[in-house]
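Residue numbers for the sequence shown follow our numbering, beginning at 84 and rising by one.
Beta carbons: idealized from backbone N, C-alpha and C, even for Gly.
Predicted model, so just to flag it, every value in this text is computed and none were measured.
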Amino acid sequence: MTRVYINGEFFDKADAKVSVYDHGLLYGDGVFEGIRVYSGKVFKHPEHIARLFESAKHITLEIPMSPAEVQKAVEDTVKINNKVDGYIRLVVTRGPGNLGLDPRGCKPNVIVIVDDISLYPKELYDSGMRIVTASLIRNHPNALNPRIKSLNYLNNILAKIEAIRAGCFEALMLNHKGEVAECTGDNVFIVKNGVLKTPPTDAGILEGITRDVVMQLAREAKIPLQECTMTRHDIYAADECFLTGSAAEVIAVTDCDGRIIGTGKPGPITNKLREAFMKVARA
Ligand code: PMP
């Protein structure tokens, strides 16, 4: 039975409940992290905790625990569930309040769920995946900054629905300037003439932790790397394209909007970085 952590206590999955007055439910008011456990070890744990606290800071949500305490709660939840390989959902909601928007008076809930995840079918990791560009743009950074990993994911969900309706698992999202931002739950990379490229933070993206790891691995492998503005043209004309995310890991994109990317198969740099990533993850 899966045991869920809520505010210092463990509950069976069926009994793990919060109030219907929680502003996390009423307004999507809260923050979260999606984290992997590989070989019993929480992957990039301090980085995820740091991002959680930065997201919380931006929305003025005071997490009622220190970063070290949150980290321990996550470790304890992994242990109590005997999870060796899995996925962690760390959530901090604004907490129960009244029915108005005013967050004052809400008492945050800290929740840790440890379970399994398989985001995309296994075969897609060998064949590469098809994606489409969503008609919906990514949140404008001056509206709800994509750097905040908030519980308000409707922007991404609506784009994901577009992907599903097009028979795809992921959608490419552009920003308000028409530049490539990211996918609904993954960051995007291309390879062109041996250079690895990914949109910069100011394209309006979540600064993915997997993205950081992959950029570091590229530097170590002496693969030239640029964070640069891109348009759909760059994706269509790329030699290779791949996505990164805690749930997705590293997965090739071989078709975008019906344009075959490169050879139509996962490319050599994609495969190299995927292998390097899995090696670091499982280390
Ligand atoms: N962008 C978005 C919108 C996401 O939800 C995620 C998944 N958290 C990512 C990118 C990838 O981030 P990470 O590598 O930290 O999982």
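query, result
"How many angstroms separate the CA atom of Ala217 from the CA atom of Ile306?", "30 Å"
"The beta strand (DSSP E) spanning Glu265 covers which residue range?", "263-266"
"Span of the alpha helix (DSSP H) holding Phe115?", "No alpha helix (DSSP H) holds Phe115; the beta strand (DSSP E) holding it covers 113-121."
"Starting from the Cα of Ala156, find the closest Cα among Gly183, His141, His128 and give me that residue.", "His128"
"If you reduce the DSSP assignment to three classes, tell me which class Pro179 lands in.", "strand"
"Does the distance between the C-beta of Asn270 and the nearest non-hydrogen atom of the ligand PMP fall short of 7 Å?", "yes"
"Can you name, in chain order, every residue of its own chain whose Cβ lies under 8 Å from the Cβ of Glu262, other than the five neighbours on each side?", "Pro282, Ala286, Thr312, Met313, Thr314"
"Checking 8 Å against the spacing of the C-beta atoms, do Val120 and Val161 come in under that value?", "yes"
"Name the one or two DSSP bridge partners that Asn270 has.", "Thr327"
"How about Asn270 and Arg302: do their beta carbons lie closer than 8 Å?", "no"
"Going by the CB atoms, is the gap between Pro191 and Ile231 shorter than 8 Å?", "no"
"Give the range of the beta strand (DSSP E) segment to which Leu257 is assigned.", "253-257"
"Quick one: using the 10 Å Cβ neighbour count with 16 as the cut-off for buried, is Leu300 buried or exposed?", "buried"
"Shortest alpha-carbon distance to Leu135 belongs to which of Pro150, Leu356, Asp198, Ile220?", "Pro150"
"Should Ser329 be counted as a contact of the ligand PMP given a C-beta to heavy atom distance under 7 Å?", "yes"
"Does the beta-carbon distance from Gly328 to Ser233 come in below 8 Å?", "no"
"Do you know how far the Cα of Phe325 is from the Cα of Lys348?", "11 Å"
"By how many angstroms is the C-alpha of Glu253 removed from the C-alpha of Gly188?", "38 Å"
"How would you call Leu182, buried or exposed, if buried means at least 16 neighbouring beta carbons within 10 angstroms?", "exposed"
"Would you say the beta carbon of Leu289 is closer than 7 Å to some non-hydrogen atom of the ligand PMP?", "yes"
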